[in-house]
Amino acid sequence: KQEVTQIPAALSVPEGENLVLNCSFTDSAIYNLQWFRQDPGKGLTSLLLIQSSQREQTSGRLNASLDKSSGRSTLYIAASQPGDSATYLCAALNNFNKFYFGSGTKLNVKP
Amino acid sequence: DTEVTQTPKHLVMGMTNKKSLKCEQHMGHRAMYWYKQKAKKPPELMFVYSYEKLSINESVPSRFSPECPNSSLLNLHLHALQPEDSALYLCASSRDREGNSPLHFGNGTRLTVT
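Residue numbers (the numbering used here), protein chains in the order written: chain A, 33 to 143; chain B, -2 to 111.
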């Protein structure tokens, strides 16, 4: 069974700092890896989707990379803002069309 | 605003009640999902419908009964729930189940079982 781990569990940074969130997975046979953000009491918002054949995806200040061979993905957030404060989850899609979620990184960006 | 709409936003029910959660999307997606999320935990997959047919049931107790009346609607019928079933229930959809499209989530229904 796929296991997805996110480190750190929580992160607090001052506004304007660049930061990296980490996601690792045990089974490299994935179709894609997706990053989400979740605000308290809300659903998940899709941020970036990386297909298994891709190395990275970018959207605005966000850049996600994927290294299947090492079982790792990173989410890079440039010039962080207080509005970026949320929990960030990664999810790996495996051959049986099941998304396996990590436990998330709770990010706090201080003004 | 999310393109996946879930109703109600909050639900309180007793253990003998019967209630239903509803989910609707008009993006033409053919795969729809129910997830359960406990506090400070990641979402756990419950059911997957593909082209209106149930394709995955993650060994969910029979007190949860999914239904997909058409390609835009997904229901979750609840009966004789337990207090430990209290959680955020999330609906999601994707264009297909082939892994080429992202999951889109609704804002969830916060369920409390008393």
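Backbone N, C-alpha and C define an ideal beta-carbon position, used for all residues, glycine too.
Inter-residue spacing [alpha-carbon to alpha-carbon] between residue i and residue j
| i | j | result |
| --- | --- | --- |
| Ser207/A | Ser85/A | Chain A is shown from 33 up to 143; residue 207/A falls before or after that span and cannot be answered. |
| Glu88/A | Val9/B | 43 Å |
| Ser105/A | Thr13/B | 45 Å |
| Pro80/B | Val110/B | 5 Å |
| Gly48/A | Asp71/A | 20 Å |
| Arg107/B | Val57/B | 18 Å |
| Leu37/B | Thr119/A | Residue identity check: residue 37/B is Lys in the sequence provided, not Leu. Rounded to the nearest angstrom, the two C-alpha atoms are 10 Å apart. |
| Ala77/B | Thr90/A | 46 Å |
| Thr4/B | Gly105/B | 8 Å |
| Leu51/A | Arg60/B | 44 Å |
Buried or exposed (CB count within 10 angstroms, at least 16 for buried), residue i
| i | result |
| --- | --- |
| Gly75/A | buried |
| Asp99/A | exposed |
| Val36/A | buried |
| Gln38/A | buried |
| Met43/B | buried |
Beta-carbon separation (whole angstroms), residue i vs residue j, contact threshold 8 Å
| i | j | result |
| --- | --- | --- |
| Ala41/A | Ser135/A | 7 Å |
| Pro39/B | Phe57/A | Incorrect: roughly 13 Å between the Cβ atoms, too far for contact. |
| Ala61/A | Leu80/A | Not really, about 20 Å apart at Cβ, beyond 8 Å. |
Any chain A beta carbon closer than 8 Å to residue i
| i | result |
| --- | --- |
| Leu51/B | no |
| Gly25/B | no |
Beta carbon proximity, residue i to chain B, threshold 8 Å
| i | result |
| --- | --- |
| Gly75/A | yes |
Checklist entry - Counting pairs of beta carbons, one from the stretch 68 to 76 of chain B and one from the stretch 26 to 43 of chain B, are three or more of them closer than 8 Å? => result Yes, the stretch 68 to 76 of chain B is in contact with the stretch 26 to 43 of chain B.
Item to check | the stretch 80 to 96 of chain B touching the stretch 14 to 26 of chain B, judged by at least three CB pairs closer than 8 Å | outcome: As far as the Cβ criterion goes, the stretch 80 to 96 of chain B touches the stretch 14 to 26 of chain B, which means the pair count is three or higher.
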